[in-house]
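Just below is one structure, and these are the notes that go with it.
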Amino acid sequence: MTEISRDMIEGFNLTNPPEGFVDNPFPFYRALLKYAPVCPQRDGSYVLSRFADLDRIYRDTTLYISDKKQAFLPKFGGDTPLYEHHTTSLVFNDPPLHTRVRKIMVGALNARAIANMEPGLIETIDMLLDDMDGEEDVDLIEDFASKIPIQIIGNMFDMPMADREPLRDWSLAILGALEPTLTDEQLATGNKAVVDFKVYLKDLTDERRKNPGDPATDVLTRLIESEEGELSETELLQNCIFILNAGHETTTNLIGNALAVLHEFPDQMAALKADPDLIKTGVDEFLRFLSPNQLGNRETTEDIEIDGIQIPKGSNLHLVIGAANRDPAQFEYPDVLDLSRKPNRHLAFAGGPHLCVGFQLARMEGRIAVTRFLNRYPNYKLTGKAELGGRLRFRGYAKLPATLN
Ligand code: HEM
210 MTEISRDMIE GFNLTNPPEG FVDNPFPFYR ALLKYAPVCP QRDGSYVLSR
260 FADLDRIYRD TTLYISDKKQ AFLPKFGGDT PLYEHHTTSL VFNDPPLHTR
310 VRKIMVGALN ARAIANMEPG LIETIDMLLD DMDGEEDVDL IEDFASKIPI
360 QIIGNMFDMP MADREPLRDW SLAILGALEP TLTDEQLATG NKAVVDFKVY
410 LKDLTDERRK NPGDPATDVL TRLIESEEGE LSETELLQNC IFILNAGHET
460 TTNLIGNALA VLHEFPDQMA ALKADPDLIK TGVDEFLRFL SPNQLGNRET
510 TEDIEIDGIQ IPKGSNLHLV IGAANRDPAQ FEYPDVLDLS RKPNRHLAFA
560 GGPHLCVGFQ LARMEGRIAV TRFLNRYPNY KLTGKAELGG RLRFRGYAKL
610 PATLN
């Protein structure tokens, strides 16, 4: 394991991270946890990494808010599609919009609705496994992990099959725009993705208003017919985009990261093959160990002090989920993948009133995808040409080439 030192995080700045950080942030996280758990940034924001701090902040919506109308102004400009999208999304709002939209979404993802999705999920996964049969070389992201959530989310919105293909690129472009630093090209791609996605969803919602689906299973009909009070057209379309994105790249990363990390821990691969039931606790360990969403944010509503550091009202806090989930104060041997880890109260789905709405669905997708993949291709090997997505906020692979037999 890489030795850590205070020097590694001297002048640490998330908008211009040290060399090697994007590929492997974990040694830097360890250094932050030890030497600078509350790390002031040049732009006046703060990077926080301790489990206990994040856990407390996620639960406290009085001192820490999610609204980003101020924070996103310099990033996106006030009159841009990305600004409209992200500041209208449930995740970057506080009550009352948050309460209304969340209630609609939670209702659509109750235990029964998720159980109803299981047969369709198994069918999708088995079809993808069949498609790879006989292939010498595959890409576990392109051919498998990224295809699963698209179909599940597409089913939730009852989207025609033929329409689903652009979802992944739209989602990557829109969520990619949340990175701490952006090029002009990334901004332009993100803005265009919001515009195109909105045009598509406008047609779909107009059609669905004429021919409503079953609100018990169709999230779009549910959002349109909301009893919580009608959403404005912008709120409706932007929150559709949000949920389609939220359930997508993160789940792709969970599945891809799991299939990759098993190769780093051959004892855990062997244990899982010997006892497939281990996936029940294992899926949370994959989420803890390589959290698909590494960074969250909150804004302070008062002057506060954490770890002796004064943080003024209105400061932006970067909450490093990936570090908190490796905090030795919370997890024994945090840098070891232990699929039987229990308890495992990680923060991969955040916590408090913004706790991920899709966490049970994501767990089910991860559990079934990894189990069925290992069952069909127990001897799969990575070819060593993996490419990470290159992002700080979302951790996952862009390409994961492998041989199957
Ligand atoms: C492994 C997969 C997933 C991970 C790691 C993940 C992670 C997260 C995290 C960390 C948040 C909290 C963000 C914050 O407040 O700062 C969140 C919120 C959310 N997630 Fe997920 N998510 C996953 C899958 C899903 C799926 C499958 C869906 C739905 C189909 C979904 C829907 C949502 C929604 C609607 C919110 C907003 C909740 C709110 O603000 O009240 N997520 N997710």
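Counting with this note's numbering, you get residues 210 to 614 for the letters of the sequence shown. Glycine included, each C-beta is placed from N, C-alpha and C at the ideal position.
Check: Exposed or buried, which one is TYR292 when buried takes at least 16 other CB atoms within 10 Å?
Finding: buried
Check: How about CYS449: is its Cβ closer than 7 Å to a heavy atom in the ligand HEM?
Finding: With a cutoff of 7 Å, CYS449 does not count as near the ligand HEM, since its C-beta is closer than that to no heavy atom of the ligand.
Next item on the list: Drop a sphere of 10 angstroms on the beta-carbon of VAL566, count the other beta-carbons inside from all chains shown, and report buried for 16 or more, exposed for fewer.
Entry: buried
Notebook entry, point to check: Closer than 7 Å: is that where the CB of CYS565 sits relative to any heavy atom of the ligand HEM?
Noted result: yes
Check: Hey, LYS489 and PRO587: beta-carbon distance below 8 Å or not?
Finding: no
Item checked: Assigned secondary structure, PRO610 (DSSP; H/G/I helix, E/B strand, else coil) -> strand
Check: The alpha helix (DSSP H) spanning ASN400 covers which residue range?
Finding: 393-419
Checklist line | PHE603 (DSSP reduced to helix, strand or coil) | finding: strand
Check: Applying the criterion that 16 or more other CB atoms from any shown protein chain within 10 Å of the CB defines a buried residue, is MET210 buried or exposed?
Finding: Classification of MET210: exposed, given that the 10 Å Cβ count is below 16.
Notebook entry, point to check: Straight-line CA distance for ASP486 to LEU391?
Noted result: 42 Å
Check: Where in the stretch 248-309 do unbroken runs of the beta strand (DSSP E), each at least 3 residues long, occur, reported from the N-terminal end onward?
Finding: The qualifying runs are 255-257.
Check: Leaving out the 5 sequence neighbours to the left and right, which residues in its chain are closer than 8 Å to VAL231 when beta-carbon positions are compared?
Finding: LEU597, GLY599, ARG600, LEU601
Note to self: I'd like the ranges of any alpha helix (DSSP H) spanning at least 4 consecutive residues and lying wholly in the stretch 496-560.
What the structure shows: 530-533
Notebook entry, point to check: Could you give the residue range of the beta strand (DSSP E) that holds VAL347?
Noted result: 346-348
Notebook entry, point to check: Would the C-beta of ARG311 count as close to the ligand HEM, meaning under 7 Å from any of its heavy atoms?
Noted result: yes
Checklist line | Whole alpha helix (DSSP H) elements within the stretch 417-497, 4-residue minimum | finding: 428-433, 442-455, 458-473, 475-483
Item checked: Top-ranked residue by Cα proximity to ILE274, from ARG418, PHE301, ARG259 -> PHE301
Note to self: Here's the rule: buried if 16 or more other CB atoms are within 10 angstroms of the residue's CB, otherwise exposed. What is ASP288?
What the structure shows: Under this definition ASP288 is an exposed residue.
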